[in-house]
Amino acid sequence: MACECAICLFEYQDPVSLPCGHVYCSRCVSDHISKTTTDGFTALCPTCRKSFHIVAPSLQTLASPFHRYIMPSVRRVYIDTEDMRKLKEKAKALEAQVHRLKKDKKRVVKEQNKRLEEKSEELERYKSKYQKLKETKTKASGTKRSSGTCSTMDAKRSRLEKSSRFSSPKRLR
1 MACECAICLF EYQDPVSLPC GHVYCSRCVS DHISKTTTDG FTALCPTCRK
51 SFHIVAPSLQ TLASPFHRYI MPSVRRVYID TEDMRKLKEK AKALEAQVHR
101 LKKDKKRVVK EQNKRLEEKS EELERYKSKY QKLKETKTKA SGTKRSSGTC
151 STMDAKRSRL EKSSRFSSPK RLR
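All the letters of the sequence shown, read from the start, carry residue numbers 1 to 173 under full-length UniProt numbering.
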């Protein structure tokens, strides 16, 4: 059985049961009946809309043999408070667990964000280091090419000079 009234959505205050079995606060049922009844003798259940009698004849006006046939349509309900206490304790424990889990979630997210930031910074350092190495390699290979080009030119020049010594025409006097 739910522990709250379907009309006011609060914990039952002086609960009563209608003939259809639905349970409400006594005050909520009275307010509902006063607002919705048209003939003053019957009302509809707020949940299932089943009709029930709201007027019960007084037992004093009936002969004693008929008393057992007269039952009030709205009956008092007594809810076991021990069960309510256990349910409240369980609900309180669950709320505490939810609070702890939210706190843990917040902590884990914070830690993961910190790790992500550290890894991102590390990646940026590696990118920077890679870029510097790439630039150094480009400079080094550029220097070798130019020195290689120079040495090639020097070799060609020296070959030309050697060949020109041997095959140079003699000067006329």
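We put the CB at the ideal spot given by N, CA and C, even for glycine.
Check                                                                                                                                                                 : Outcome
Opposite V23 in the DSSP bridges: which residues?                                                                                                                     : S17
In whole angstroms, what separates the C-alpha of C20 from that of Q97?                                                                                               : 38 Å
Kindly indicate which three-state DSSP category A6 falls into: helix, strand or coil?                                                                                 : coil
Quick one: give me the first and last residue of the beta strand (DSSP E) that F52 is part of.                                                                        : 51-53
Quick check on the DSSP output: the beta strand (DSSP E) that includes T42 runs from which residue to which?                                                          : 42-44
Who are the near neighbours of C28 in its chain, counting only those whose CB is closer than 7 Å to its CB and skipping five residues on each side?                   : C5, I7, C8
Among residues of its own chain, excluding the 5 on either side of S168, which ones have a beta-carbon nearer than 8 Å to its beta-carbon?                            : Confidence is the limiting factor: at S168 the pLDDT is only 49, short of 50, which leaves the residue's position unreliable and the question unanswerable from this model.
Report the partner residues of E11 according to the DSSP bridge assignment.                                                                                           : E4
Check whether the Cβ atoms of V23 and S17 sit closer than 8 Å, and answer yes or no.                                                                                  : yes
Quick one: Cα of R125 to Cα of E118, how far?                                                                                                                         : 11 Å
Out of curiosity, what's the CA-to-CA distance linking P46 and D39?                                                                                                   : 17 Å
Excluding the five sequence neighbours on either side, which residues of its own chain have a C-beta within less than 8 Å of the C-beta of C3, listed in chain order? : E11, Y12, I79, M84, L87
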